[in-house]
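Quick notes on the structure that follows.
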Amino acid sequence: MKLSDRDITYLQGVGPKRGDVLKKEIEVYSFEDLLYYFPYKYIDRSRFYYIHEIDGNMPFIQIRGRFLSFETIGEGRTRRMVAKFSDGRSVIDIVWFKGLNFVTNKIKVNKEYIVFGKPTAFGSKYNIAHPDVDPIEEADKVAAGLTPFYNTTEKMKSNYLNSKAIQTLEFTLFQTLQWRFDETLTPAVINRAKVIDLSSALKGIHFPESTRQLNDAQFRLKFEELFFIQLNILRYTKQRQAKLKGVVFTRVGEIFHHFYEKNLPFTLTNAQKRVVKEIRKDMGGGKQMNRLVQGDVGSGKTLVALLCMLIALDNGFQACLMAPTEILANQHYETIREFLKGMDVNVRLLTGSTKKKERNELFPALEKGEIQILIGTHALIEDTVNFHRLGLVVIDEQHRFGVAQRAKLWTKATEVPHILVMTATPIPRTLAMTLYGDLDVSVIDELPPGRKPIQTEHRYDNKRASLYKFLESEITKGRQVYIV
615 MKLSDRDITY LQGVGPKRGD VLKKEIEVYS FEDLLYYFPY KYIDRSRFYY IHEIDGNMPF
675 IQIRGRFLSF ETIGEGRTRR MVAKFSDGRS VIDIVWFKGL NFVTNKIKVN KEYIVFGKPT
735 AFGSKYNIAH PDVDPIEEAD KVAAGLTPFY NTTEKMKSNY LNSKAIQTLE FTLFQTLQWR
795 FDETLTPAVI NRAKVIDLSS ALKGIHFPES TRQLNDAQFR LKFEELFFIQ LNILRYTKQR
855 QAKLKGVVFT RVGEIFHHFY EKNLPFTLTN AQKRVVKEIR KDMGGGKQMN RLVQGDVGSG
915 KTLVALLCML IALDNGFQAC LMAPTEILAN QHYETIREFL KGMDVNVRLL TGSTKKKERN
975 ELFPALEKGE IQILIGTHAL IEDTVNFHRL GLVVIDEQHR FGVAQRAKLW TKATEVPHIL
1035 VMTATPIPRT LAMTLYGDLD VSVIDELPPG RKPIQTEHRY DNKRASLYKF LESEITKGRQ
1095 VYIV
């Protein structure tokens, strides 16, 4: 039986009640879910501290000593157990607010224990609330180096499913499965990537004996996750390319050349030329283009998109550009109209603010092919919007649109249009392939002549006052400030 088919309820130590909590609180339904429920942090428990060494900067400490006394204090909701714990030199209060009967039954006075927890300042003294307490005989097991910590919820803790309990369940699971797991990578991939086997990785992530073992385990599991993401991307891309034939743009004609020779505001950068070449190759290949163009603000993405739209026009097709906001749509509209000044190219704008009278005039003209470039917002995907022959769809900041919205634009065309996506979000190429798995990626990594590079700085909250003074001085100079 697959691990994913084995209900977590049937793991020793779980049962129906705990199983229900695990399912509802952290979505652990099966043996496999628990196996891949990884710790969120690790703490080195190889060192013991003395009580007098405690300071407020220590997140967790480990001390060894004896409980001297136990006292129940308060009534009702304020009722708590306070124990005096001595390391032979100093004494610290250990406090419990829940499970008081469990504490008194488990822990004995004058027996040696290991206490592990987070110290909290209370007046001039420190105490530790709800620590892990283990007999000194278990030191080799509990204080043997890195201790994993698992995310839990209050409901889990009330059902005795704290981080230590999760660790115990993980240990039970590993014992049940005899510490062996089916490998998911081939020997060739393991050798080429220089990663450890899956069984060693899962053991190392849950029960690391050293930092090196933990690092090797994390590297293997990260590699595997990204490896299968990339495989899915490649599979999806191959399927898409095999199924979707795109319109073929065979020529670069009069409209493009007129613009390039007479209207081009500045010489294209080498990066822009490279990206236009990549797009032209896609649009002439007979398969639907799905390409992401990434570049900083001011890198000339809009100009590249316009050049590609003009190629669509030269081949008898229409083009559209969809932006996420009316402000951005208007900005694109004004920019493209200015670029095309003096040329006989019909460019129109459609947003939620477009008046009914203008819409009534625009829709028939679009359907007849009289409008060559339509720029707009989500209004472009309304059912009333129909193109005569849509060949290229340009989408600005695609992450602001859902996949369904992007796909709906395809239905506006009788033939499958090419898709060009633009983004200014700085995304590493590998991450871009993950976020936009069905897209090829082009990067405009060069600014046009005279453009100053974007300068990005980070300031902490303690610099807020000086930052406001800087903003005030910039506004005084007539510049603008944009706060997100």
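Going by my numbering, the first residue of the sequence shown is number 615, and it counts up by one from there. Quick reminder that beta carbons are idealized off the backbone N, C-alpha and C, glycines included.
For E685, the enclosing beta strand (DSSP E) covers residues 675-687. The secondary-structure analysis by DSSP pairs S1056 across a beta bridge with V907. Of the residues assessed, H1032 falls on the buried side of the cut-off, its CB having 16 or more other CB atoms within 10 angstroms.
According to DSSP, residue pairing for V696 in a beta bridge involves E685, V709.
In this chain, N884 is not harboured by any beta strand (DSSP E); it is covered by the alpha helix (DSSP H) spanning 884-897. Taking a cut-off of 8 Å on C-beta distances, the stretch 996-1010 touches the stretch 913-931, as three or more cross pairs fall below it. Ranking L917, P745, I847, L858 by CA distance to the CA of Y874 puts L917 first.
Taking C-beta separations shorter than 6 Å and ignoring five residues to either side along the sequence, the partners of A979 in its chain run I985, following chain order. Bounds of the alpha helix (DSSP H) holding M770 are 768-772.
Membership of N741 in the beta strand (DSSP E) is indicated by the continuous run 739-743. Shown here for H744: same chain residues with a beta carbon closer than 8 Å to its own, the five before and five after excluded, namely V709, W710, F711, K712, G731 in chain order.
In this structure, the beta-carbon distance from P879 to F953 falls below 8 Å. Around the beta-carbon of F1084, fewer than 16 other beta-carbon atoms lie within 10 Å, marking it exposed.
For D754, there is no enclosing beta strand (DSSP E); the residue is part of the alpha helix (DSSP H) that begins and ends at 753-756.
The beta carbon of D619 lies closer than 8 Å to those of S644 in the same chain, with the five residues before and after it left out. Within the stretch 618-646, the runs of alpha helix (DSSP H) that reach at least 4 residues and sit entirely inside it are, in chain order, 629-640.
Under the three-state reduction of DSSP, F1084 is assigned to helix. Between A885 and E1060 the beta-carbon gap is near 4 Å, inside 8 Å, which marks them as a contact. Of all C-beta pairs linking the stretch 687-707 to the stretch 635-643, fewer than three are shorter than 8 Å, placing the two stretches out of contact. Under the 10 Å beta carbon count, H820 is surrounded by 16 or more other beta carbons and is classified as buried. Residues of the same chain with a CB within less than 6 Å of the CB of S660, apart from the 5 flanking positions on each side, are G759 in chain order. Each of E839, Q626, V803 was checked against the Cα of Y650, and the nearest Cα belongs to E839. At a Cβ-Cβ threshold of 8 Å, T991 and A943 count as neighbours.
The beta carbon of V1095 sits closer than 8 Å to the beta carbons of L1085, E1088, I1089 from its chain, once the five residues preceding and following it are set aside; these are given in chain order. Under DSSP, the beta-bridge partners assigned to C934 are L988, V1007.
In this structure D1054 touches R905 by the C-beta definition: roughly 5 Å separates them, less than 8 Å. Counting the other CB atoms within 10 Å of its CB gives Q932 a total of 16 or more, which places it among the buried residues. When Cβ pairs closer than 8 Å are counted between the two stretches, the stretch 718-733 is seen to touch the stretch 670-679, the count reaching three or more.
In this structure, DSSP gives M1036 an extended state, which the three-state scheme calls strand. Collapsing the DSSP output to three states places R794 in coil. Within 10 angstroms of the beta-carbon of L636 lie 16 or more other beta-carbons, which makes it buried. As computed with DSSP, I780 is found in no beta bridge at all. Per the C-alpha coordinates, the member of T883, V747, D701 positioned closest to T718 is V747. Distance from the CA atom of I804 to the CA atom of Q827, rounded to whole angstroms, is 17 Å. Taking a 10 Å sphere around the C-beta of E667, we find fewer than 16 other C-beta atoms and assign the residue as exposed. The beta-carbon distance between F795 and L783, rounded to whole angstroms, is 16 Å. This is too long to meet the 8 Å contact definition.
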